[in-house]
Structures are given as structure tokens and as C-alpha cells.
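So the protein sequences, as listed, match chains F and P.
When we follow the numbering used here, the leftmost residue of the first sequence carries the number 1, and every step to the right adds one.
When we follow the numbering used here, the leftmost residue of the second sequence carries the number 1001, and every step to the right adds one.
There are 2 protein chains.
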Amino acid sequence: MKTNKKLTLADIAKLAGVSTSTASRALNDNPVIKKATRDKIKALASQYNFSINAAASRLRTQKTNVIAVILNLIDHTEQSISDPFLLKVVGELNQALNNKGYELLLSNSFMASDDWANYFLTSSRADGIIVVGQGKSDEKIDAVARTGLPMVVWGDPTSGVDYTVVGSDNKLGGYIATKHLIDNGCKNILFLGDPEHLELAERYKGYRQALSEAGGILEDRLTLSIDITSTAAYEKISETVLHHGLFFDGIVTSSDMVALGALKALKERYIGIPNEVSIVGFDDIAMAELFHPSLTTIRQNVKEAAEVMVNQLVRQFEGKPTQSSVIDIELIPRNSTRH
Amino acid sequence: MKTNKKLTLADIAKLAGVSTSTASRALNDNPVIKKATRDKIKALASQYNFSINAAASRLRTQKTNVIAVILNLIDHTEQSISDPFLLKVVGELNQALNNKGYELLLSNSFMASDDWANYFLTSSRADGIIVVGQGKSDEKIDAVARTGLPMVVWGDPTSGVDYTVVGSDNKLGGYIATKHLIDNGCKNILFLGDPEHLELAERYKGYRQALSEAGGILEDRLTLSIDITSTAAYEKISETVLHHGLFFDGIVTSSDMVALGALKALKERYIGIPNEVSIVGFDDIAMAELFHPSLTTIRQNVKEAAEVMVNQLVRQFEGKPTQSSVIDIELIPRNSTRH
DNA sequence: TGTAAAAATGCAATCGATTGCAATAGTTTT
DNA sequence: AAAACTATTGCAATCGATTGCATTTTTACA
């Protein structure tokens, strides 16, 4: 193996008998260079396994072609990192970014530091940021937005914030889920999720709206505030049933994982699903279909969302106006609810 | 907001009334600079939200402090990207890398191109590579290994390849899982997973060893080769039971997700678990405990593995010798098996 | 064939931080 | 108070690719 030294563009140029400018242009497929010359240089480059030094290129062009993807998990780092929905989001983002020629710099811990935007952007580490999740407070996100740095956020696009948000119509999702339960005979419907969380707050609104429209029951004890994890759901439902009995017959949950935890707690007590209690999830992760019973849920179109986010970010680079976008959701009826 | 221009080190130096060399050294905490001067410059930097231009720094130092993490999913991109185990691995790697001052460049698609190692390393995009999963053939991995570029692979560390592998003792895992089933009365034990997959091949060996040691049944029809996804498992088990009846009373699976699919297929046919069929998973993902019944599984210590991988990679940077490491596994008995 | 226009290539400055070596400031010793 | 260090700081080259502008080569046209 001839891995003695790293080759530079100058080396390739010398081998081709041209100047580095020509070599550079050739590799960038600049049509100002004669086709024959271009091909020759490219052939040489691939023959010698040469690739452009990204650091030098980035320094000179002031462009990194890297996007930082930040998982906004300040609150409950330990658990929610295991939610398959997140991986799906990251995977689709990676795909969408690669398709546009960008790379993905992943971070699940920098959100903690106050200076994350500067860290990535003014330091030439990334050209833009995609934040996954608005969390309980979008204060920090908002602060970055005000500096005008390129950023797109996965969250609730209907909430009318100043930055570009892509996501599902959460209020509608909450509404549809609740309506579905009401239509199928549920009277006392729990909301299982943290209404202080920005996205969930919207779903909660939808839940309340559906209930009040249908003249349903809206009591405080029907709102169970928990983190978005299956264990939290399991514990909360177990405890609730234990102390207060089965005073509900339907549950609107904040994610499929949460639904799974609730399901478990109920099944352990031999409570029939969907007959005694019906459950609606959110996300439609791959395994929702495989739960027993299979999970009725609100599907989020992650692939489309990822593409839209990347497009919006690219528009920001180009100085074009961007806007928040609502991604379609869809009720997927399965066996955890009657219908 | 005064986000007019990006500040450079020279600007900060000017503000502090020193040279850029001094400013550079100060920010790098070089003790050769007087403490007072250092503090003053650092204060100025943070006051002006300045951070070092990574591109320039990388160009000059020939070090990126970035590690490329490659999810080796050539075969079944669509499905296995949704396995929560993967996200767990990526999350822990990110944590371990950040702790050592590295950033994580994620890729799930570059493995396809032949030139991935060069793409990341000789182009100054990353200092090293972590490959997650050996897949069915480690030919490409092996080729990179021979070039001597810094790389660590998550896979089977016992298989004696030339590169540094960190992972569980898969053969032992397969053995323990199978033994557990035998000890609890299972006679006809399925192996559900692809024995051509390098890591699973080892588990398969363990499975066979346990069976032959115990004088158990080892027939071809007990080996069901499928992809590592829950749907594949669901379909295979459904079809098998449908066409050949319930000729087995135990299943050793290749992952918790696969176990979930199998569980579902069996429950749909009202086959009792663990009494009629016992199942052992692999990984111990967060929700294994929440399945119904909760899943007996072989736990992989991902956090430790991630730390070891990063350490081994750093050792390679330092020119120190590295070695493959076996991470502890543990049988977690739950209710999908008798005991 | 001479000359204008077009096409192709090269020169050299530049991006911003780092660092070996030189230079200056500050202390201590005699 | 000069010599001899030691502690601080600055100078200037360097990392490798890109690009505006200048120059050379080729083609087109009269």
C-alpha cells in the first residue's frame, strides 16, 4: 500500500501536468475546463484515491456542507433517547441531507450549553441547524432565531413562533384521536402526556376541543402529566388504577411508546383492551402494528417532514423566504380501539 | 444585535491589544501565556460570542476532532433503521465521544460507496471511523483495516479478524439463551435469525453447542433465517405455524425486535407464552420489560461498549496498540420464559 | 494570412488559526 | 548595576483549496 503521504490537489495537478487552479476546477466540474482535461484529472484523482481536503475547502469557501442536528432532550436525557421515533427522524434527516449533498453532525448534548448555535455556526462547523423537538420552553431556540442564523425546528408549526417550524398539526392530531375514541363510545378519556410540553400542549388543546364539542367529560383528574417515556406511562397508569380504580375507558397518549407503557399496566391488571379501555398512540412507529393488540395511532409522516425541513433550510441559505409547514397526519385504526 | 461580521481571532487579539499568537495560545490555555492575559482574552472571547473557526484550525492542525459513525445497513436499509437498539448505540457513542472532546458525524448511507474510508479520513472530515455492525460480509471493512486507517467496529470480538472489534460475546450469548430454554424444559428450540450475518453466526454456534451438549434436537427446520426486523419475524413465524404447526416450544431470537414480532404472531394464534412457547430476546432494549409478557433477554452493555470503542479509537490516534474487547452480557430472566 | 473573439489555463492572493523561533520584558544573582 | 536567566509575547510561515484576473492557446472570420 502506498499510503505514505496524503496527496494534495497540487500533487494531482503535477501528475496531470496542469496548475492547481485547473485541477480544482476540473474536480468541481467547471465547464470552463476542457472536457478531456477534466476527465483526465478526475481519472487521476480516483486512481490515486484522492479526495479534496474538506478543511481547506471549507476555510476558503466559507461553506461546510454540514448540518448540525440537535436532539432537544434537555429534560429527560436518559429515557427518551430510546424512543424509536427519534431514530426514525434522524435516519430520514440523514437521507434527505445526503440527497442534497449535506452531511449530518449529530448532537444530543449540546443543547445544554447556552451557546450551541454559535458553537456550530460561527465556528464553521456547520452551515445550519435542525433542532428536533421544541421541548417545554423554546426560549433558547427563540434566542437563536432572533440572531437570524439558519435553523429549522421540528415541532408544532401552528403555534406561530418567529422561526421556521415543520411538524404535524398536533392540535388536529389530538382532536382526531379524541374524536375517534368518543365516536366509538368512550366517555371518560384520559390525556396521558405533559401539557407543558409545547407540542403536547397543542394536542391537549385538540383533546379538550373534541371533548367540549361532544359534550364529553373534562375533569382535571383525566389529565395525567408524565414524561414521554413508556416507563413513566406504565408507572402512572399502574398507580392511578391502583389508587383510584378504573374511572376511565379511553386514553389519548403522547406517543406510541407511552401507549405501550399504558398498555402494559392495564394488561397486567387484566383490563380488556379495547373493550374496557381503548388507547390511541401517536407517531406510528414500526412496531405499533406489532403490539398486542395492535395500536391505533396518529401517523406522522417523518420522511416527508425530513425533506421539507432540509428544503426549508436550504432556502434559508439561499436567502429565500421560508415558512413553517404542516405535515399531514393520519389516523391509523387498529385493534387498541373499537371501530 | 451586532451580528454584522463574523469575528476572527485577529479581531479578538486586537481588542485585547495582543498578537494573534498570544490570543491563540490564551484560548488554548497554554500556560506559557500569563494567567491574567489568558483570562482577559477568554473573557473578551466569550463576551463577543467568539469561537475559533474550526475549518482553519483543522487545516492547520490536521486534526478534526470528529469521528464518523457509520451504520452498516447495506442489506435492509428500510427496516432496521427503526431498531431502538441502534439509536441507543448512537446515543451512547455520542455521549462517549463528547466526553472525550469529539463530535459525531453520522452516516447511514455511505457504506454503499466503495470509498467511504477515504471519503471521511483523507479528506479531513474525520479523524477516525466507528462502524456499527459487521453485516453479512466484512470485506469492505477488512479492506479499510488493511490501509491502517483509524477504525473501530462494533461486532463480534471473538471472531479473530485483523481490525479492532468491540462487542458482546455472541456465541456465549446464544449459548446462554439456549441453555436457559433447555434448563426450563424446552425440547424443540427455534433459532430465528440469519446465520450468515457475522454476529448472528456466532450466536448460532452457541445455540448449536448448547443443544448438542444437552443432547437436544438439532434439525434444519429449527433454523429460520430472516432479516433482523420485527415484521420479518412476524411473517416467518406466522407462516411457519400455519404450514407446519407448532412443532417448537422455544425460540432463540436475534434481537428484541425480532422477539416482538414472533410474540405477536404467536399471540394472535392464542399460543401461550411462556407455557407453550418460550422466547428469549437479545439486546434488552428499554421496552423489553414492557412487552406483554415481559421479555427474557440477553442484555448488551451498550454504554460500556461505546466507551470502550472510543477509547480504542483514541489509542489508535496515539499510536498505541489496540485490541478487540468483549463486553459483558447478562441473561435477564423475565416472563417470556419459565423459570 | 492576419486579426478579432472565444476558449482554456495559470498566477497569486486569500480564507483564519497555529507554532517554531526570535525578540522583548522582567527577575535574580553576584 | 551588569550579567544571566526566565517568563511573556510577537513575527511570519504554513496548512490546502478556491477564484478574480491575467495570460496563453485555439478557433473563427475577413
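Even for Gly, the Cβ is constructed at its ideal location relative to N, Cα and C.
For residue i, the first and last residue of its enclosing beta strand (DSSP E)
| i | result |
| --- | --- |
| F/Val-258 | No beta strand (DSSP E) holds F/Val-258; the alpha helix (DSSP H) holding it covers 256-268. |
| F/Asp-283 | 278-283 |
| F/Ser-46 | F/Ser-46 -> not in any beta strand (DSSP E); alpha helix (DSSP H) instead, spanning 35-47. |
| F/Gln-300 | 296-300 |
| F/Ala-288 | It is not in any beta strand (DSSP E) - F/Ala-288 carries neither H nor E in the DSSP assignment. |
Under the three-state DSSP convention, the category residue i falls into
| i | result |
| --- | --- |
| F/Thr-337 | coil |
| F/Arg-208 | helix |
| F/Ala-26 | helix |
| P/Thr-1077 | Low local confidence applies: a pLDDT of 45 at P/Thr-1077 is under 50, so the model's placement there is unreliable, with the coordinate-based value given in what follows. Note: P/Thr-1077 maps to helix in three-state DSSP. |
| F/Val-32 | coil |
| P/Thr-1020 | helix |
| P/Ile-1226 | coil |
| P/Val-1161 | coil |
| F/Glu-199 | helix |
| P/Glu-1219 | coil |
| F/Gly-250 | strand |
| P/Ile-984 | Because chain P here runs from 1001 to 1339, residue 984 of chain P falls outside it and cannot be looked at. |
| F/Ile-329 | strand |
| F/Ser-107 | strand |
| F/Phe-317 | helix |
| P/Phe-1191 | strand |
| F/Ile-70 | strand |
| P/Ile-1129 | strand |
| F/Ala-13 | helix |
Proximity below 8 angstroms, CB of residue i to CB of residue j
| i | j | result |
| --- | --- | --- |
| P/Leu-1104 | P/Val-1069 | yes |
| P/Gly-1135 | P/Leu-1198 | yes |
| F/Ala-56 | P/Leu-1059 | yes |
| F/Ile-237 | F/Leu-266 | yes |
| F/Ile-273 | F/Ile-176 | no |
| F/Ile-327 | F/Val-310 | no |
| P/Thr-1223 | P/Phe-1248 | no |
| P/Ile-1012 | P/Ile-1041 | yes |
| P/Arg-1203 | P/Ser-1254 | yes |
| P/Ile-1067 | P/Ala-1117 | no |
| F/Ser-124 | P/Asn-1053 | yes |
| F/Val-302 | F/Val-89 | yes |
| P/Ser-1225 | P/Asp-1194 | yes |
| F/Val-280 | F/Leu-218 | no |
| F/Pro-150 | F/Gln-316 | yes |
| F/Ser-168 | F/Ile-329 | yes |
| F/Tyr-119 | P/Ser-1051 | yes |
| P/Ala-1045 | P/Leu-1027 | yes |
Interface residues of chain F facing residue i [CB-CB closer than 8 angstroms]
| i | result |
| --- | --- |
| P/Ile-1052 | Ser-123 |
| P/Asn-1028 | None at all; the shortest Cβ gap to chain F is about 14 angstroms. |
| P/Met-1257 | Met-287 |
| P/Asn-1094 | Leu-106, Ser-107, Asn-108, Ser-109 |
| P/Ser-1230 | Ala-286, Met-287, Leu-290 |
Closer than 7 angstroms: residue i CB and nearest the ligand SAH heavy atom
| i | result |
| --- | --- |
| F/Thr-178 | Within the structure as shown, the ligand SAH is missing, as the structure has no ligands at all. |
Contacts of residue i in chain F (Cβ-Cβ under 9 angstroms)
| i | result |
| --- | --- |
| P/Tyr-1234 | Glu-289, Leu-290 |
Proximal residues of chain P, C-beta to C-beta of residue i below 7 angstroms
| i | result |
| --- | --- |
| F/Leu-313 | Residues of chain P passing the Cβ test: none, with the nearest at roughly 17 angstroms. |
| F/Ala-145 | Here the premise fails: no neighbours, minimum Cβ distance about 11 angstroms. |
| F/Glu-103 | Leu-1105 |
Element boundaries [alpha helix (DSSP H), containing residue i]
| i | result |
| --- | --- |
| P/Ala-1054 | 1054-1061 |
| P/Ala-967 | No answer is possible for residue 967 of chain P: it lies beyond the span of chain P, which begins at 1001 and ends at 1339. |
| P/Ala-1096 | 1084-1099 |
| P/Ala-1117 | 1116-1121 |
Neighbouring residues, chain P, relative to residue i (Cβ below 8 angstroms)
| i | result |
| --- | --- |
| F/Thr-64 | Ala-1055 |
| F/Tyr-119 | Ser-1051 |
| F/Lys-267 | His-1292 |
Neighbour list for residue i in chain F, Cβ cutoff strictly below 7 angstroms
| i | result |
| --- | --- |
| P/Glu-1304 | Within chain F, no residue comes near P/Glu-1304; the closest Cβ sits about 16 angstroms away, beyond 7 angstroms. |
| P/Lys-1264 | Leu-290, His-292 |
| P/Arg-1058 | Ala-55 |
Say whether the segment 1322-1337 of chain P touches the segment 1281-1299 of chain P, bearing in mind that this needs 3 or more beta-carbon pairs closer than 8 angstroms, one atom from each stretch.
Verdict: yes, contact present.
Is the number of C-beta pairs between the segment 1156-1176 of chain P and the segment 1209-1218 of chain P that are closer than 8 angstroms three or more?
Yes, the segment 1156-1176 of chain P touches the segment 1209-1218 of chain P.
The segment 88-100 of chain F touching the segment 1152-1165 of chain P, judged by at least three CB pairs closer than 8 angstroms
The segment 88-100 of chain F makes no contact with the segment 1152-1165 of chain P: fewer than 3 CB pairs, one atom from each, lie closer than 8 angstroms.
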